[in-house]
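Colleague: Protein chains in written order, with the UniProt record's numbering: chain H, 1 to 191; chain F, 1 to 249; chain X, 1 to 157.
Every residue gets a Cβ at the ideal spot worked out from N, C-alpha and C, and that includes glycine.
Starting off with a structure, shown below.
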Amino acid sequence: MYNLEFENTIMFLNYTIALSDLGTLSNMGVFSLIIINKAGGLIYQREFQAGLRKLSTNDYLVLAGTFHGVHAITRSITPKIPSVQPPSPATSSPSTTTPAASHSYPNPGVPVTGLDYLETDKFRLTCFQTLTGTKFLLFTDPLTGNVDTIVQKIYELYADFVMKNPFYQIEMPVRCEAFDRHLGAWLRGRT
Amino acid sequence: MAAPPRHATMLSISNGDKPAQTQAQSQQGTLPQSPGLRVPSNRKTIYDRHLNRSRNAESSRASFAFLFGEMVTYAQRRVTGIQDLEKRLNEQGYPLGLRLLDLLFYRSTSTSSSALSSSSTSSSPPNRPLRIITLLHLIHGPLWRLLFGRAADALEHSVSPDTPNEYMITDNDPLVNTYISVPREMSMLNCAAFVAGIIEGVCDGCGFETKVSAHNQPTDLWPSRTVFLVRFGDAVMEREKVLERSGVK
Amino acid sequence: MVVYSFYIFDRHAECIYKRRWLPRPTSIVGKSRSEAAPTGLGQTVRSSDDDSKLVFGTVFSLRNMVRKLGGEEDNFVSFTTSQYKLHYYETPTNTKFVMLTDLKSPSMRIALQQIYINLFVEYVVKNPLSPTEHPGGVGVNNELFEESLEQFVVRAV
């Protein structure tokens, strides 16, 4: 009697998982995830849902390297707003003031980042760079909301199942079965 | 009955150590360099605290994960193979099991004895387990709760008549393996060998000569399900028969 | 909304027009503007040439990446950092229009298209005095185009 009941619950669990599978496929809209290490090397690539063209492994490596460089450039071309130096009464001649040193950024309170979001007709790319330089690139449907939450959760799972795994070698390709499993399950569980 | 060799060495080490340490502590005023033990300014070391003070204290899962990760990495150095690695992890757990046993007994005597095995006869301080089942219940329940905050998931006896000395303790999701993904080429490895070592230490401490090993038994629902195979030595099985005949519980 | 800069790149990957609108310094009030203006110019003269090359490299790489992933018919529209937003529009003749604005700005895709159709085609392409190619910006930097661009941006702001 007791056993029977237990079996039923398990079947019920499987059933709910299958149901949420169907639901997420239509409205979740996470296409794929790429993780780039701090040297610009591709360490993880996984597709969750069709929507983007498939590339060869080599192309993904090139893409990761290119993006790594572009990301740095987008940061360096940040517009600089010249700010006039505080009036110093002693010097009035323009030659002594060095204008190049005094400028501010458009959003002074916010740290300068590289590319954060990229929009195209077909997808939206969200780039999240950790303080240690690892970049998470999430490709989603342009209409998918709450992308930041998704990226944060992925970072959390990465911190748990990749960085706490004694068999993972730092900066090397991520091959952690538990990470894959939890990532897949979490994305499937979202509706 | 000869005590298991590992147990004996452990005891002799701790016996030899203790006087030396107390000596060092008593000479603290004159000798600032005590061996490896840092004494805070108020002279209250971790050994001065009441043992039950940290009874309900919890430690961070993340810090444990990092510590255990480093232990595995450390054990991996210069190993010859998976079995060697598991042996090392087992050896790291073994002394922990011996020490935990003392703590387990101490804590269950200082409060209600019901915390310990259900088969202990009265409310008097529980005895050291004499029979295999009592011991296994101690591991399955109180030990697991002390270590992981919950009881183990299953306790089984081998059905094969050839191996009556084999028992299995199942944990559906071992805490030590939570964040560990074993590479495919080492798929036989189970880092819960460390926990197996702890079990071995507890059994040895109780006077049961045992070999414990951890095995992967994944199911769809529990991908990191682990079975701890407990194999008691012949002497233990013989004694068990004698105790059964004389009706000792 | 603030427009920081505007670039046109021709099909030879050359920057044929660039323009910067430097916002007034935010920190001080009551400083004479005649003093502020030359400082701003002096700063940009050196770096803007490098900047246009960097901007081209960025949009070129990103456009190729987008085409690779999204297919040939996908278009790179814009990207955002914590500080600015870059808008991109590419004509069928491979002329690229790039605009850097602040983060509050809406999509400037239509605006860039308008600049192409109503200003570039009208005042540069249809101008009989302007050459077909514009090495070094020859022909683009005519008064009519610059003036109307200025007006367009001011109106958009």
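Could you tell me the distance, in whole angstroms, from the CA atom of H:V30 to the CA atom of X:V153?
Modeller: So the alpha carbons of these two residues sit roughly 37 Å apart.
Colleague: Is the Cβ of H:E171 closer than 8 Å to any Cβ of chain X?
Modeller: No, because no Cβ of chain X sits closer than 8 Å to the Cβ of H:E171.
Colleague: Considering only the beta carbon of each residue, do H:F136 and H:I35 sit closer than 8 Å?
Modeller: Cβ atoms of H:F136 and H:I35: closer than 8 Å.
Colleague: In terms of residue numbering, what span does the alpha helix (DSSP H) encompassing H:D59 cover?
Modeller: Its alpha helix (DSSP H) spans residues 57 to 76.
Colleague: Nearest-angstrom Cα distance between H:L187 and H:C127?
Modeller: Their backbone Cα atoms lie some 18 Å apart in a straight line.
Colleague: Give the residues from the stretch 49 to 66 of chain H that approach chain X closer than 8 Å (Cβ to any Cβ), ordered along the chain.
Modeller: Of all residues in the stretch 49 to 66 of chain H, L52, R53, L55, D59, L63, T66 have a Cβ within less than 8 Å of some Cβ in chain X.
Colleague: Show which residues of chain H have a CB atom less than 8 Å away from the CB atom of F:V195.
Modeller: Ordered by position in chain H, no residue passes the 8 Å Cβ test against F:V195, which lies about 15 Å from the chain.
Colleague: Would X:F76 and X:C15 qualify as a contact pair, given that the criterion is a beta-carbon distance under 8 Å?
Modeller: No, they are not a contact pair.
Colleague: Starting from the beta carbon of F:Y179, find every residue of chain H whose beta carbon is closer than 8 Å, and list them in chain order.
Modeller: Within 8 Å Cβ-Cβ: D160, F161, K164, N165, A178.
Colleague: Just tell me which of X:D74, X:S61, X:G71 has its CA closest to the CA of H:V70.
Modeller: Of the listed residues, the one whose Cα sits closest to H:V70 is X:S61.
Colleague: Measuring straight from C-alpha to C-alpha, what distance separates H:S76 and H:G114?
Modeller: Each residue's Cα considered, the two are about 8 Å apart.
Colleague: Grab the span of the beta strand (DSSP E) containing H:Q169 for me, first residue to last.
Modeller: First-last for H:Q169: undefined, no H or E at that position.
Colleague: For X:Y7, would you say it is in contact with chain H, using Cβ-to-Cβ distances shorter than 8 Å as the test?
Modeller: Closer than 8 Å: no.
Colleague: Straight-line CA distance for H:L33 to H:H103?
Modeller: Each residue's alpha carbon lies about 37 Å from the other.
Colleague: Near F:L219, which residues of its chain fall below 6 Å by C-beta distance, leaving aside the five closest residues on each side in sequence?
Modeller: The sequence given here has Thr at residue 219 of chain F, not Leu. These residues qualify, in order along the chain: R225.
Colleague: Please list the partners that X:G70 has in chain H, where partner means a Cβ-to-Cβ separation under 8 Å.
Modeller: Near X:G70 (Cβ distances below 8 Å), the residues of chain H are L52, R53, T120, D121, K122, F123.
Colleague: Any beta carbon of chain H sitting closer than 8 Å to that of X:N75?
Modeller: True, the Cβ-Cβ gap to chain H drops below 8 Å.
Colleague: In chain order, which continuous runs of the alpha helix (DSSP H) of length 4 or greater are located wholly inside the stretch 189 to 218 of chain F?
Modeller: With a minimum length of 4 residues, the continuous alpha helix (DSSP H) runs that stay inside the stretch 189 to 218 of chain F are 193 to 205.
Colleague: When burial is assigned at 16 or more other CB atoms within 10 Å of the CB, is X:Q113 buried or exposed?
Modeller: Answer is exposed; the Cβ neighbour count stays below 16.
Colleague: At the 8 Å Cβ level, is F:G205 part of the contact set with chain H, yes or no?
Modeller: By this cut-off, F:G205 is not an interface position.
Colleague: For H:L116, which three-state DSSP category applies?
Modeller: A small fix is needed here, since residue 116 of chain H is Asp in this sequence, not Leu. H:D116 falls in the coil class under three-state DSSP.
Colleague: When burial is assigned at 16 or more other CB atoms within 10 Å of the CB, is F:N177 buried or exposed?
Modeller: So F:N177 counts as buried.
Colleague: List, in chain order, every chain H residue whose beta-carbon is nearer than 8 Å to that of F:F232.
Modeller: Here the premise fails: no neighbours, minimum Cβ distance about 29 Å.
Colleague: Using 8 Å for Cβ pairs, my map puts F:G207 next to F:Y94. What's the rounded Cβ distance?
Modeller: In fact, because the Cβ distance is near 15 Å, the residues do not count as touching under 8 Å.
Colleague: When you compare only the Cα positions, how much space is there between H:F179 and H:Q49?
Modeller: So the alpha carbons of these two residues sit roughly 18 Å apart.
Colleague: I need the straight-line Cα distance from F:S181 to F:V195, nearest angstrom please.
Modeller: Cα to Cα, the separation comes out at about 17 Å.
Colleague: Does any CB atom of chain H fall closer than 8 Å to the CB of F:V72?
Modeller: At least one chain H Cβ lies under 8 Å of F:V72.
Colleague: Measuring straight from C-alpha to C-alpha, what distance separates H:H182 and H:Y158?
Modeller: One C-alpha to the other measures close to 10 Å.
Colleague: Since F:R131 contacts F:K249 with CB under 8 Å, what's their CB separation in whole angstroms?
Modeller: Their Cβ separation, rounded to whole angstroms, is 6 Å, which keeps F:R131 and F:K249 in contact under 8 Å.
Colleague: Which partner residues of F:A154 appear in the DSSP bridge assignment?
Modeller: F:A154 pairs with F:T170.
Colleague: Residues of chain X with a CB under 8 Å from the CB of H:R75: which are they?
Modeller: The contacting residues are T81.
Colleague: Grouping DSSP H, G and I as helix and E and B as strand, with all else coil, what is X:R109?
Modeller: Correct three-state label for X:R109: helix.
Colleague: Do you know offhand how far F:M188's Cα is from F:G247's?
Modeller: C-alpha separation (whole angstroms): 42 Å.
Colleague: Of the residues F:I133, F:E200, F:V159, F:T170, which one's Cα is nearest the Cα of F:A151?
Modeller: Considering only alpha carbons, the answer is F:T170.
Colleague: Could you spell out the range, first to last residue, of the alpha helix (DSSP H) harbouring F:E130?
Modeller: In the sequence as presented, Glu is not what sits at residue 130 of chain F; that position holds Leu. F:L130 -> no alpha helix (DSSP H), and no H or E assigned at all.
Colleague: List, in order along the chain, the chain H residues whose C-beta lies closer than 9 Å to that of X:Y89?
Modeller: Correct list: empty, because the minimum Cβ distance to chain H is about 12 Å.
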